[in-house]
Amino acid sequence: SAMAVAYIVDAVRTAGGRRNGRLAGVHPVDLSAATLDDIIARTGIDGAAVEDVIMGCVSQGGQQAGQVGRNAVLAARRLPDSVPAVTIDRQCGSSQQAMQFAAQAVMSGTMDVVIASGVESMTRVPMGSNAMFHMKEGLGHYKSPRLDEKYPGIMFSQFMGAEMIVKKHGFSKDDLDQFALKSHLNAIAATKAGLFNDELVVLDVETPEGVIQHNVDEGIRFDATLESISGVKLLQEGGTLTAATSSQICDGASAALVVSEAALKRYNLTPLARVHTLTVTAGDPVIMLEEPLFATDKAL
576 SAMAVAYIVD AVRTAGGRRN GRLAGVHPVD LSAATLDDII ARTGIDGAAV
626 EDVIMGCVSQ GGQQAGQVGR NAVLAARRLP DSVPAVTIDR QCGSSQQAMQ
676 FAAQAVMSGT MDVVIASGVE SMTRVPMGSN AMFHMKEGLG HYKSPRLDEK
726 YPGIMFSQFM GAEMIVKKHG FSKDDLDQFA LKSHLNAIAA TKAGLFNDEL
776 VVLDVETPEG VIQHNVDEGI RFDATLESIS GVKLLQEGGT LTAATSSQIC
826 DGASAALVVS EAALKRYNLT PLARVHTLTV TAGDPVIMLE EPLFATDKAL
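Numbering-wise (the working numbering), the sequence shown opens with residue 576 and increments by one.
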(Lines of atoms letter the chains of each structure in order from A; the text may use other names.)
(Lines give C-alpha, C1' and ligand atoms only; values in the text may rest on other atoms or scores of the structure.)
Protein backbone atom coordinates (compact mmCIF):
# COMPACT_ATOMS: atom_id res chain seq x y z
CA SER A 576 0.00 0.00 0.00
CA ALA A 577 1.16 3.55 -0.71
CA MET A 578 2.54 5.51 2.21
CA ALA A 579 -0.08 7.72 3.90
CA VAL A 580 0.17 11.48 3.39
CA ALA A 581 0.64 13.86 6.33
CA TYR A 582 -1.18 17.20 6.27
CA ILE A 583 -0.66 20.28 8.43
CA VAL A 584 -4.10 21.62 9.30
CA ASP A 585 -3.11 24.66 11.35
CA ALA A 586 -0.09 26.07 13.16
CA VAL A 587 -0.10 28.54 16.04
CA ARG A 588 2.49 30.26 18.22
CA THR A 589 2.80 32.82 20.92
CA ALA A 590 4.53 36.04 19.94
CA GLY A 591 8.17 35.76 21.01
CA GLY A 592 9.17 37.32 24.31
CA ARG A 593 12.52 38.90 25.12
CA ARG A 594 14.59 37.79 28.10
CA ASN A 595 12.83 39.20 31.19
CA GLY A 596 10.23 40.56 28.77
CA ARG A 597 6.48 40.18 28.43
CA LEU A 598 6.41 36.39 28.84
CA ALA A 599 8.80 36.33 31.81
CA GLY A 600 5.86 35.98 34.20
CA VAL A 601 4.45 32.87 32.49
CA HIS A 602 5.47 29.33 33.49
CA PRO A 603 6.60 27.42 30.36
CA VAL A 604 4.10 24.60 31.06
CA ASP A 605 1.24 27.12 30.98
CA LEU A 606 2.74 28.84 27.95
CA SER A 607 2.68 25.62 25.94
CA ALA A 608 -0.71 24.59 27.34
CA ALA A 609 -2.12 27.83 25.89
CA THR A 610 -0.93 26.89 22.38
CA LEU A 611 -2.29 23.33 22.73
CA ASP A 612 -5.69 24.72 23.75
CA ASP A 613 -5.61 27.20 20.88
CA ILE A 614 -4.87 24.61 18.18
CA ILE A 615 -7.80 22.48 19.44
CA ALA A 616 -10.15 25.50 19.61
CA ARG A 617 -9.23 26.71 16.11
CA THR A 618 -9.47 23.40 14.32
CA GLY A 619 -12.62 22.38 16.17
CA ILE A 620 -11.29 18.86 16.60
CA ASP A 621 -12.21 16.81 19.67
CA GLY A 622 -9.26 16.97 22.08
CA ALA A 623 -9.71 13.25 22.84
CA ALA A 624 -8.97 12.46 19.17
CA VAL A 625 -5.33 13.57 19.59
CA GLU A 626 -3.21 10.41 19.69
CA ASP A 627 0.06 12.02 20.76
CA VAL A 628 1.63 15.37 21.56
CA ILE A 629 5.30 15.65 20.58
CA MET A 630 7.00 18.63 22.20
CA GLY A 631 10.44 19.97 21.40
CA CYS A 632 12.36 21.51 24.29
CA VAL A 633 16.13 22.04 24.58
CA SER A 634 16.64 22.96 28.22
CA GLN A 635 14.80 20.18 30.01
CA GLY A 636 15.53 21.30 33.55
CA GLY A 637 13.86 23.34 36.28
CA GLN A 638 10.41 24.45 35.14
CA GLN A 639 10.86 22.46 31.93
CA ALA A 640 11.89 19.26 33.72
CA GLY A 641 9.72 16.24 34.44
CA GLN A 642 8.50 15.82 30.84
CA VAL A 643 7.28 19.32 29.97
CA GLY A 644 5.13 18.00 27.08
CA ARG A 645 3.11 15.77 29.39
CA ASN A 646 2.80 18.54 31.97
CA ALA A 647 1.48 20.88 29.27
CA VAL A 648 -1.19 18.33 28.31
CA LEU A 649 -2.21 18.05 31.98
CA ALA A 650 -2.34 21.86 32.28
CA ALA A 651 -4.34 22.23 29.05
CA ARG A 652 -8.11 22.72 29.30
CA ARG A 653 -9.10 21.26 25.93
CA LEU A 654 -7.11 18.00 26.07
CA PRO A 655 -8.24 15.15 28.33
CA ASP A 656 -5.60 13.61 30.61
CA SER A 657 -5.78 10.46 28.45
CA VAL A 658 -3.79 12.20 25.68
CA PRO A 659 -0.14 11.08 25.87
CA ALA A 660 2.89 13.27 25.22
CA VAL A 661 6.63 13.02 24.75
CA THR A 662 9.37 15.66 25.01
CA ILE A 663 12.28 15.58 22.57
CA ASP A 664 15.59 17.40 22.23
CA ARG A 665 17.39 17.89 18.94
CA GLN A 666 18.78 21.19 20.18
CA CYS A 667 17.73 24.08 17.88
CA GLY A 668 15.81 21.65 15.67
CA SER A 669 13.66 20.26 18.48
CA SER A 670 10.24 21.62 17.46
CA GLN A 671 11.05 20.97 13.83
CA GLN A 672 11.87 17.38 14.79
CA ALA A 673 8.53 17.24 16.63
CA MET A 674 6.92 18.10 13.29
CA GLN A 675 8.98 15.40 11.59
CA PHE A 676 8.02 12.71 14.12
CA ALA A 677 4.36 13.75 13.89
CA ALA A 678 4.49 13.50 10.09
CA GLN A 679 6.28 10.13 10.29
CA ALA A 680 3.62 8.79 12.68
CA VAL A 681 0.90 9.75 10.19
CA MET A 682 2.87 8.61 7.12
CA SER A 683 3.53 5.21 8.70
CA GLY A 684 -0.20 4.74 9.19
CA THR A 685 0.14 4.25 12.95
CA MET A 686 -1.56 7.53 13.90
CA ASP A 687 -4.13 9.87 12.36
CA VAL A 688 -4.05 12.95 14.59
CA VAL A 689 -0.85 14.26 16.21
CA ILE A 690 0.14 17.64 17.65
CA ALA A 691 3.72 18.78 16.99
CA SER A 692 4.77 21.49 19.41
CA GLY A 693 7.60 23.23 21.18
CA VAL A 694 8.34 25.42 24.18
CA GLU A 695 11.31 27.31 25.55
CA SER A 696 11.31 29.89 28.31
CA MET A 697 14.90 31.05 28.13
CA THR A 698 14.15 33.60 30.86
CA ARG A 699 13.04 30.97 33.37
CA VAL A 700 15.30 28.10 32.25
CA PRO A 701 18.46 29.86 31.02
CA MET A 702 20.46 28.32 28.20
CA GLY A 703 22.92 25.76 29.58
CA SER A 704 21.44 25.82 33.08
CA ASN A 705 20.51 22.12 32.89
CA ALA A 706 24.27 21.37 32.61
CA MET A 707 25.72 24.19 34.70
CA PHE A 708 23.79 23.50 37.92
CA HIS A 709 24.94 19.86 37.93
CA MET A 710 28.54 20.94 37.33
CA LYS A 711 28.28 23.42 40.23
CA GLU A 712 27.08 20.57 42.47
CA GLY A 713 30.16 18.56 41.49
CA LEU A 714 28.18 16.04 39.41
CA GLY A 715 30.47 16.32 36.41
CA HIS A 716 30.24 17.44 32.81
CA TYR A 717 28.48 16.10 29.71
CA LYS A 718 31.84 15.87 27.94
CA SER A 719 32.96 12.30 28.64
CA PRO A 720 36.54 10.96 28.64
CA ARG A 721 35.93 9.34 25.23
CA LEU A 722 34.51 12.56 23.78
CA ASP A 723 37.47 14.49 25.15
CA GLU A 724 39.88 11.98 23.65
CA LYS A 725 38.21 12.38 20.26
CA TYR A 726 37.80 16.19 20.49
CA PRO A 727 40.55 17.27 22.92
CA GLY A 728 40.02 20.66 24.55
CA ILE A 729 37.11 21.53 22.24
CA MET A 730 33.99 23.01 23.78
CA PHE A 731 31.03 22.43 21.48
CA SER A 732 29.48 25.83 20.84
CA GLN A 733 27.20 27.36 18.24
CA PHE A 734 29.22 30.56 18.49
CA MET A 735 32.38 28.72 17.44
CA GLY A 736 30.45 26.87 14.75
CA ALA A 737 29.02 30.11 13.39
CA GLU A 738 32.43 31.77 13.24
CA MET A 739 33.75 28.71 11.36
CA ILE A 740 30.89 28.99 8.84
CA VAL A 741 31.64 32.70 8.36
CA LYS A 742 35.30 31.91 7.60
CA LYS A 743 34.47 28.93 5.36
CA HIS A 744 32.06 30.91 3.19
CA GLY A 745 34.00 34.18 3.24
CA PHE A 746 31.36 36.41 4.82
CA SER A 747 32.33 39.77 6.28
CA LYS A 748 30.94 41.42 9.41
CA ASP A 749 29.19 43.90 7.10
CA ASP A 750 27.47 41.01 5.26
CA LEU A 751 26.11 39.75 8.59
CA ASP A 752 25.02 43.23 9.73
CA GLN A 753 23.23 43.90 6.41
CA PHE A 754 21.47 40.51 6.67
CA ALA A 755 20.37 41.24 10.24
CA LEU A 756 18.96 44.62 9.19
CA LYS A 757 17.07 43.06 6.27
CA SER A 758 15.69 40.42 8.66
CA HIS A 759 14.33 43.12 11.02
CA LEU A 760 12.92 45.17 8.11
CA ASN A 761 11.14 42.07 6.71
CA ALA A 762 9.74 41.25 10.15
CA ILE A 763 8.60 44.86 10.70
CA ALA A 764 6.86 44.92 7.31
CA ALA A 765 5.19 41.54 7.97
CA THR A 766 4.03 42.68 11.44
CA LYS A 767 2.64 45.99 10.15
CA ALA A 768 0.85 44.18 7.29
CA GLY A 769 -0.72 41.81 9.84
CA LEU A 770 0.83 38.72 8.22
CA PHE A 771 1.43 37.06 11.61
CA ASN A 772 -2.02 37.79 13.05
CA ASP A 773 -3.62 34.50 11.98
CA GLU A 774 -0.97 32.34 13.65
CA LEU A 775 -0.60 34.21 16.94
CA VAL A 776 -1.99 32.96 20.25
CA VAL A 777 -2.66 36.28 21.96
CA LEU A 778 -1.95 36.17 25.69
CA ASP A 779 -2.98 38.54 28.47
CA VAL A 780 0.16 39.25 30.46
CA GLU A 781 0.67 41.27 33.62
CA THR A 782 3.08 44.17 33.39
CA PRO A 783 3.90 46.95 35.87
CA GLU A 784 1.48 49.10 33.82
CA GLY A 785 -1.33 46.53 34.19
CA VAL A 786 -2.60 43.66 32.05
CA ILE A 787 -1.80 43.97 28.34
CA GLN A 788 -2.22 41.76 25.29
CA HIS A 789 1.03 40.20 24.12
CA ASN A 790 0.58 40.04 20.36
CA VAL A 791 3.81 41.38 18.82
CA ASP A 792 7.21 39.65 18.67
CA GLU A 793 9.47 41.44 21.13
CA GLY A 794 12.63 40.36 19.32
CA ILE A 795 11.88 42.63 16.38
CA ARG A 796 13.77 45.93 16.70
CA PHE A 797 11.32 48.41 15.20
CA ASP A 798 14.00 51.13 15.32
CA ALA A 799 16.74 48.99 13.73
CA THR A 800 19.33 50.79 11.58
CA LEU A 801 22.59 49.62 10.07
CA GLU A 802 24.39 52.00 12.46
CA SER A 803 22.75 50.53 15.57
CA ILE A 804 23.39 46.95 14.38
CA SER A 805 27.00 47.47 13.31
CA GLY A 806 27.82 49.26 16.59
CA VAL A 807 27.11 46.22 18.81
CA LYS A 808 30.28 44.80 20.37
CA LEU A 809 31.84 41.61 19.02
CA LEU A 810 31.21 38.40 20.97
CA GLN A 811 34.89 37.52 20.66
CA GLU A 812 38.07 39.38 19.73
CA GLY A 813 38.80 39.01 16.02
CA GLY A 814 35.43 37.42 15.31
CA THR A 815 32.49 38.68 13.26
CA LEU A 816 29.42 37.75 15.34
CA THR A 817 27.59 40.09 17.67
CA ALA A 818 24.37 39.79 19.68
CA ALA A 819 22.71 41.76 16.84
CA THR A 820 23.56 39.05 14.29
CA SER A 821 22.68 36.10 16.55
CA SER A 822 19.28 34.64 17.34
CA GLN A 823 17.66 36.25 20.36
CA ILE A 824 17.19 34.81 23.82
CA CYS A 825 13.49 34.06 23.47
CA ASP A 826 10.44 32.85 25.41
CA GLY A 827 7.66 31.20 23.42
CA ALA A 828 5.64 28.14 22.49
CA SER A 829 4.03 26.72 19.35
CA ALA A 830 1.73 23.93 18.21
CA ALA A 831 0.71 22.43 14.87
CA LEU A 832 -1.96 19.86 14.07
CA VAL A 833 -0.76 17.08 11.75
CA VAL A 834 -3.31 14.61 10.39
CA SER A 835 -3.90 11.86 7.84
CA GLU A 836 -6.23 12.05 4.85
CA ALA A 837 -8.72 9.86 6.73
CA ALA A 838 -8.76 12.38 9.60
CA LEU A 839 -9.25 15.28 7.17
CA LYS A 840 -12.44 13.66 5.94
CA ARG A 841 -13.60 12.39 9.34
CA TYR A 842 -13.28 15.79 11.05
CA ASN A 843 -13.99 17.95 7.99
CA LEU A 844 -10.63 19.75 8.18
CA THR A 845 -8.95 21.94 5.54
CA PRO A 846 -5.17 21.52 5.31
CA LEU A 847 -2.64 24.33 4.96
CA ALA A 848 0.03 22.11 3.45
CA ARG A 849 1.15 18.56 2.95
CA VAL A 850 4.50 17.25 4.11
CA HIS A 851 6.45 16.53 0.95
CA THR A 852 9.96 15.51 2.04
CA LEU A 853 11.70 14.77 5.34
CA THR A 854 15.41 14.64 5.95
CA VAL A 855 17.76 15.23 8.83
CA THR A 856 21.37 16.45 8.91
CA ALA A 857 23.86 16.20 11.75
CA GLY A 858 22.63 19.64 12.74
CA ASP A 859 18.92 19.92 12.17
CA PRO A 860 15.92 18.30 10.48
CA VAL A 861 14.64 19.70 7.19
CA ILE A 862 10.99 19.49 6.16
CA MET A 863 9.72 20.36 2.69
CA LEU A 864 6.11 21.45 2.57
CA GLU A 865 3.90 21.47 -0.48
CA GLU A 866 0.90 23.75 -0.25
CA PRO A 867 -2.29 22.16 -1.57
CA LEU A 868 -4.42 23.97 -4.14
CA PHE A 869 -6.87 25.18 -1.53
CA ALA A 870 -4.25 26.47 0.90
CA THR A 871 -4.91 29.80 2.56
CA ASP A 872 -2.39 32.61 2.32
CA LYS A 873 -1.52 32.15 5.96
CA ALA A 874 2.20 32.45 6.73
CA LEU A 875 3.45 29.08 7.94
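Even glycine gets a Cβ: it sits at the ideal position worked out from N, Cα and C.
Contacts around Asn-595, its chain only, beta-carbon distance under 7 Å, and the 5 residues preceding and following it disregarded
Residue 595 sits at position 20 when you count from the first residue of the sequence shown. So the qualifying residues of the chain are Thr-698.
Put Ile-804 into one of helix, strand or coil per three-state DSSP.
Taking the first residue of the sequence shown as position 1, residue 804 is located at position 229. In this structure, Ile-804 counts as helix in the three-state DSSP scheme.
C-alpha gap between Ile-862 and Ala-768, whole angstroms:
In the sequence shown, counting from the first residue as 1, residue 862 sits at position 287. In the sequence shown, counting from the first residue as 1, residue 768 sits at position 193. So the two alpha carbons sit approximately 27 Å from each other.
Using the Cα positions of Val-661 and Val-643, report the straight-line distance between them to the nearest angstrom.
Along the sequence shown, one-based indexing puts residue 661 at 86. Along the sequence shown, one-based indexing puts residue 643 at 68. C-alpha separation (whole angstroms): 8 Å.
When the Cβ atoms of the region 704–712 are set against those of the region 634–641, are three or more pairs found closer than 8 Å?
Verdict: yes, contact present.
Return the chain-ordered ranges of every beta strand (DSSP E) run that is complete within the region 699–742 and spans a minimum of 3 residues.
none
DSSP on Ile-787, reduced to helix/strand/coil?
On the sequence shown, residue 787 is found 212 positions in, with the first residue counted as 1. Here Ile-787 sits in strand by DSSP.
Would DSSP call Ser-882 helix, strand or coil?
The first residue shown for the chain is 576 and the last is 875, placing residue 882 beyond what the model contains.
Find out if the Cβ-Cβ distance for the pair Leu-844, Val-834 is shorter than 8 Å.
For the purposes of this step, residue 844 is taken as the residue at position 269 of the sequence shown. For the purposes of this step, residue 834 is taken as the residue at position 259 of the sequence shown. Judged by beta-carbon spacing, Val-834 lies within the 8 Å limit of Leu-844, meaning their Cβ atoms are closer than that value.
Per the contact definition of three or more C-beta pairs closer than 8 Å, is the region 734–741 in contact with the region 769–783?
Between the region 769–783 and the region 734–741, the count of Cβ pairs shorter than 8 Å is below three; the stretches do not touch.
What does the Cβ neighbour count give for Tyr-582, buried or exposed, with the cut at 16 atoms within 10 Å?
Taking the sequence shown and counting its residues from 1, the one referred to as residue 582 is at position 7. It counts as buried.
Just tell me which of Pro-720, Ala-599, Met-710, Ala-828 has its CA closest to the CA of Arg-588.
The residue labelled residue 588 in the question sits at position 13 within the sequence shown. The candidate whose alpha carbon is nearest that of Arg-588 is Ala-828.
Suppose the cutoff is 6 Å on Cβ atoms and the five residues either side in sequence are ignored; what does the same chain contact list for Val-601 look like?
Sequence index remark: in the sequence shown, residue 601 carries index 26 (1-based). Contacts found: none.
I'd like the list of long-range same chain contacts for Asp-627, defined as Cβ closer than 8 Å, with 5 residues on each side in sequence excluded.
As a working mapping, residue 627 is identified with position 52 in the sequence shown. Excluding sequence neighbours, Asp-627 sits near Val-658, Pro-659, Ala-660, Val-661, Ala-677, Ala-680, Met-686, Val-689, Ile-690.
Is it the case that the Cβ atoms of Ile-629 and Ala-673 are separated by a distance below 8 Å?
Residue 629 sits at position 54 when you count from the first residue of the sequence shown. Residue 673 sits at position 98 when you count from the first residue of the sequence shown. Yes, these two residues count as a Cβ contact at 8 Å.
Just to confirm the assignment, what range does the beta strand (DSSP E) spanning Ile-583 have?
Position 8 of the sequence shown holds residue 583. For Ile-583, the uninterrupted beta strand (DSSP E) run begins and ends at 582–589, by DSSP.
In whole angstroms, what separates the C-alpha of Asp-723 from that of Ile-729?
Residue mapping note: residue 723 aligns to position 148 of the sequence shown, counting from 1. Residue mapping note: residue 729 aligns to position 154 of the sequence shown, counting from 1. Going from the Cα of Asp-723 to the Cα of Ile-729 covers about 8 Å.
Given a threshold of 16 other Cβ atoms within 10 Å of its Cβ, counted over all protein chains shown, does His-744 qualify as buried or as exposed?
Stepping through the sequence shown from its first residue, residue 744 is reached at position 169. With fewer than 16 Cβ atoms within 10 Å of its Cβ, His-744 is classed as exposed.
C-alpha gap between Pro-846 and Ala-616, whole angstroms:
Walking along the sequence shown from the start, residue 846 turns up at place 271. Walking along the sequence shown from the start, residue 616 turns up at place 41. Using only the alpha carbons, I get a separation of about 16 Å.
Cβ pair Ile-824, Ala-755 closer than 8 Å:
Taking the sequence shown and counting its residues from 1, the one referred to as residue 824 is at position 249. Taking the sequence shown and counting its residues from 1, the one referred to as residue 755 is at position 180. No, the Cβ-Cβ distance between Ile-824 and Ala-755 is not below 8 Å.
Minimum Cβ-Cβ distance from Ile-795 to chain B less than 8 Å:
Of the protein chains in the structure, only one exists, and it is not chain B.
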